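The structure under discussion appears below in the form of structure tokens.
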Ligand SMILES: NC(=O)c1ccc[n+]([C@@H]2O[C@H](COP(=O)([O-])OP(=O)(O)OC[C@H]3O[C@@H](n4cnc5c(N)ncnc54)[C@H](OP(=O)(O)O)[C@@H]3O)[C@@H](O)[C@H]2O)c1
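In the numbering used here, the protein residues as written are 1 to 227.
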């Protein structure tokens, strides 16, 4: 894998969504455009199954000049959408499968037959061993020709990529408000992270995009597949 770009938007107290019914708006229009530019530069975008169930994210490139740039490079309009799932419990009739780019489902081996039966007409369903973790996910995608991957969350997925050190770039957009809800999901959960106080990520830039602060960070020791 040539490039893995993690991207997330959070509140000042680190929440990436609310825990009540309504979806939490964190981004600004300017941040959204910038985030789509990262999407436009990637072959595929990966999210966890819980994010698909909750948000039905489109994971498309929505801005005409970004679409034009992809076409000029001979890339399809929209990146491939990748969802990881242990259970395979996803709705084939949902917007995630019916709109936007092609979908790849990376499903834990035991649930694979049922997932293929349920989702095989709307997605490419591929097995991945839970024990192989992030390395297994990257190997599968690399084998499908994905060279540049964006990872958009949620918490469980980001925790695994951050803990594995399996990324080149981390983009965090910080919305200037506090949510203050203990049950709301955060950017990452408890884990052993390679980037602690004595081994920090390198800040490449801090930018104000609308009323959101965007921090771009580099992992100088990415643990991803070579190639
Ligand atoms: N603010 C942002 O930038 C942002 C971006 C994305 C998401 N979010 C928010 O994040 C929240 C969801 O986060 P979350 O932590 O609950 O869930 P998540 O990370 O989106 O998805 C977790 C699910 O992914 C599957 N999974 C995780 N690791 C896997 C692996 N190694 N192999 C196979 N499957 C794997 C499992 O699916 P199964 O359950 O099917 O077994 C697991 O339950 C939502 O509220 C969403 O709105 C925020």
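Every residue, glycine too, gets a C-beta built ideally from N, C-alpha and C. Owing to the predicted nature of the structure, the values given are computational and were not obtained by experimental measurement.
Integer-rounded CB distance, given that residue j should sit under 8 Å from residue i
| i | j | result |
| --- | --- | --- |
| residue 78 | residue 42 | Actually they are not in contact, since the Cβ atoms of residue 78 and residue 42 sit about 10 Å apart, beyond 8 Å. |
| residue 117 | residue 97 | Wrong, their Cβ atoms sit about 14 Å apart, outside the cutoff. |
| residue 44 | residue 141 | 6 Å |
Where residue i falls: helix, strand or coil (DSSP)
| i | result |
| --- | --- |
| residue 136 | helix |
| residue 35 | helix |
| residue 71 | helix |
| residue 230 | This structure leaves residue 230 out entirely; the chain is present only between 1 and 227. |
| residue 219 | coil |
Nearest-angstrom Cα separation, counted from residue j out to residue i
| i | j | result |
| --- | --- | --- |
| residue 182 | residue 166 | 28 Å |
| residue 61 | residue 20 | 28 Å |
| residue 159 | residue 186 | 10 Å |
| residue 173 | residue 215 | 6 Å |
| residue 148 | residue 210 | 27 Å |
| residue 227 | residue 180 | In this prediction, residue 227 has a pLDDT of 48, which is less than 50 and means its spatial position is unreliable; what the coordinates show is noted afterwards. Cα to Cα, the separation comes out at about 43 Å. |
| residue 184 | residue 11 | 11 Å |
| residue 203 | residue 120 | 42 Å |
| residue 35 | residue 7 | 8 Å |
| residue 189 | residue 53 | 20 Å |
| residue 127 | residue 134 | 13 Å |
| residue 169 | residue 218 | 5 Å |
| residue 112 | residue 2 | 28 Å |
| residue 46 | residue 171 | 15 Å |
| residue 17 | residue 175 | 12 Å |
### Message
Using a Cβ distance threshold of 8 Å, determine whether the stretch 103-110 contacts the stretch 65-84, with at least three qualifying pairs required.
### Response
Yes, the stretch 103-110 is in contact with the stretch 65-84.
### Message
For the structure I just gave you, are there three or more beta carbon pairs, one from the stretch 86-97 and one from the stretch 61-75, closer than 8 Å?
### Response
Judged by Cβ distances under 8 Å, the stretch 86-97 makes no contact with the stretch 61-75, as fewer than three pairs qualify.
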